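Heads up: the structure comes next, in structure tokens.
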Amino acid sequence: MEVHDRLRALLDEQGIPYKLLQHAAEGRSEAVAAIRGTAVGQGAKALVCRVRISSTKRAHVLAVFPADRQANLDAIAQACGGKKASLATRDLARELTGCEIGAIPPFTFNPELELLVDSTLGQRYEEIVFNAGRLDASILMRADDYLRLVAPRTAPFSSEAAPVPCA
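Each residue of the sequence shown is one higher than the one before, starting from 1282 at the first, in this note's numbering.
Structure follows, in structure tokens:
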């Protein structure tokens, strides 16, 4: 079953209300927020990271945070008890999530991919929105429903994004 279908089935089985948004295919946070008509900060961005735990042990982490913030890889590594974190390759991210970069929802259906959610997610907005396993579909749902359903490990690992200089 595709990730999109598994995600919708999970929400339906748990009786969690959500809105499915169909839109033009887009994976960039700012662009998809404009298409959806939502604030960039409502977006739940998901990054697949490799964390070096020791010289011989690695962990894979799905780090989820508000899309208008920046992830701190050192803080992700520390939250996971590791020494260093890096972004997974496109191929590894696809293998672990079943999705293309930009379409990864803030859920993991793979026991080899641990979920870590930034402690700021859900603090500013009652609802979060995220690509639902496809670049042309998003789900809008209550942040507290998401956090209750996934019961994630949480840690502060994001900061305000640096402003983009004008040309």
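C-beta: ideal position from N, C-alpha, C; glycine also. What you are looking at is a predicted structure, and each value in this text was computed from that prediction instead of being measured.
When the options are compared against residue i, the one with the closest alpha-carbon
{"i": "Cys1330", "options": "Gly1318, Ala1360, Val1321, Ala1312", "result": "Ala1360"}
{"i": "Glu1407", "options": "Glu1393, Ala1418, Tyr1427, Gly1308", "result": "Tyr1427"}
{"i": "Gln1295", "options": "Ile1316, Met1422, Asp1372", "result": "Met1422"}
{"i": "Thr1319", "options": "Ala1306, Ser1419, Leu1430", "result": "Ser1419"}
{"i": "Leu1354", "options": "Leu1328, Lys1300, Thr1378", "result": "Leu1328"}
{"i": "Arg1240", "options": "Val1431, Leu1416, Asp1425, Glu1393", "result": "What is shown of the chain runs 1282 to 1448, which leaves residue 1240 out entirely."}
{"i": "Gln1303", "options": "Asp1417, Val1431, Asn1391", "result": "Asp1417"}
{"i": "Ala1442", "options": "Thr1401, Arg1350, Asn1391", "result": "Arg1350"}
CB of residue i within 7 Å of CB of residue j, strictly
{"i": "Lys1326", "j": "Ala1340", "result": "no"}
{"i": "Val1342", "j": "Glu1381", "result": "no"}
{"i": "Ser1310", "j": "Gly1322", "result": "no"}
{"i": "Val1284", "j": "Val1345", "result": "no"}
{"i": "Gly1363", "j": "Val1332", "result": "yes"}
Alpha-carbon to alpha-carbon, residue j and residue i
{"i": "Asn1412", "j": "Lys1338", "result": "31 Å"}
{"i": "Arg1289", "j": "Arg1434", "result": "22 Å"}
{"i": "Ala1352", "j": "Ile1334", "result": "19 Å"}
{"i": "Ala1374", "j": "Pro1387", "result": "13 Å"}
{"i": "Ala1384", "j": "Pro1437", "result": "23 Å"}
{"i": "Thr1378", "j": "Ile1297", "result": "22 Å"}
{"i": "Ile1357", "j": "Ala1305", "result": "32 Å"}
{"i": "Leu1291", "j": "Gly1403", "result": "20 Å"}
{"i": "Asp1372", "j": "Arg1429", "result": "30 Å"}
{"i": "Phe1390", "j": "Ala1315", "result": "28 Å"}
Collapsed DSSP secondary structure at residue i in the structure displayed
{"i": "Ala1358", "result": "helix"}
{"i": "His1341", "result": "strand"}
{"i": "Arg1350", "result": "strand"}
{"i": "Ala1312", "result": "helix"}
{"i": "Gly1318", "result": "coil"}
{"i": "Gln1303", "result": "strand"}
message = Suppose only complete runs of 3+ residues qualify. What are the beta strand (DSSP E) ranges in the region 1398-1441, listed by chain order?
response = 1408-1415, 1418-1423, 1434-1436, 1439-1441
task = Scan the region 1361-1398 and note each continuous beta strand (DSSP E) run of 3 residues or more that stays entirely inside, going in chain order.
result = 1365-1368
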